[in-house]
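Have a look at the structure below before the remarks.
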Amino acid sequence: MKSLEPETESPRPEPAATPKGAARAARILNETLAVITEHGHRTLTLEEIARRVGIAKGNLQYYFPTRGDLLRAAFAQQIDHHKNDWLVA
Numbered sequence: 400m401k402s403l404e405p406e407t408e409s410p411r412p413e414p415a416a417t418p419k420g421a422a423r424a425a426r427i428l429n430e431t432l433a434v435i436t437e438h439g440h441r442t443l444t445l446e447e448i449a450r451r452v453g454i455a456k457g458n459l460q461y462y463f464p465t466r467g468d469l470l471r472a473a474f475a476q477q478i479d480h481h482k483n484d485w486l487v488a
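Following the numbering used here from start to finish, the sequence shown increments by one per residue and tops out at 488.
Dropping the structure here:
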């Protein structure tokens, strides 16, 4: 007799869990930082980043669901990148 309980799906892996996913997430963050450098964060849109990376907005949202998520990740990357410089000074 088959169980009436719903089958549990295996959890979806993190988008950057594969080498290809990690490379795409890095490219998205690099383009985000480029836009912030060129125009500031206020004018940044998900559409602009998706266009620059060459992916659909929905694909970008797989990695970073909201503009806030994208900005937080980009700023966190910069903080991590420069942390050693700040600690030495």
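Ideal placement from N, C-alpha and C gives every residue a C-beta, glycine not left out.
The structure displayed is predicted, hence computed values, not measured ones.
List, from N- to C-terminal side, the alpha helix (DSSP H) runs of 4 residues or more that fit wholly inside the stretch 402-474.
418-438, 445-452, 456-462
Taking the Cβ atom as the reference point for each residue, do Val-452 and Leu-443 lie within a distance shorter than 7 Å?
Working through the sequence shown from its first residue, we reach residue 452 at position 53. Working through the sequence shown from its first residue, we reach residue 443 at position 44. Result no, Cβ atoms of Val-452 and Leu-443 do not sit closer than 7 Å.
Taking Cβ positions, are Lys-473 and Leu-445 nearer each other than 7 Å?
On the sequence shown, residue 473 is found 74 positions in, with the first residue counted as 1. On the sequence shown, residue 445 is found 46 positions in, with the first residue counted as 1. Reading off the sequence, residue 473 comes out as Ala, not Lys. No; because the gap between Cβ atoms is not below 7 Å, this pair is not in contact.
Run the CB neighbour count on Lys-419, radius 10 Å, all protein chains shown included, and call it buried at 16 or more, exposed below.
Here residue 419 refers to the residue found at position 20 of the sequence shown. The residue in question, Lys-419, is exposed, as its Cβ has fewer than 16 Cβ neighbours within 10 Å.
Should Glu-430 go down as buried or exposed, given a rule of 16 or more other Cβ atoms within 10 Å for buried?
Indexing the sequence shown from 1 puts residue 430 at position 31. Buried.
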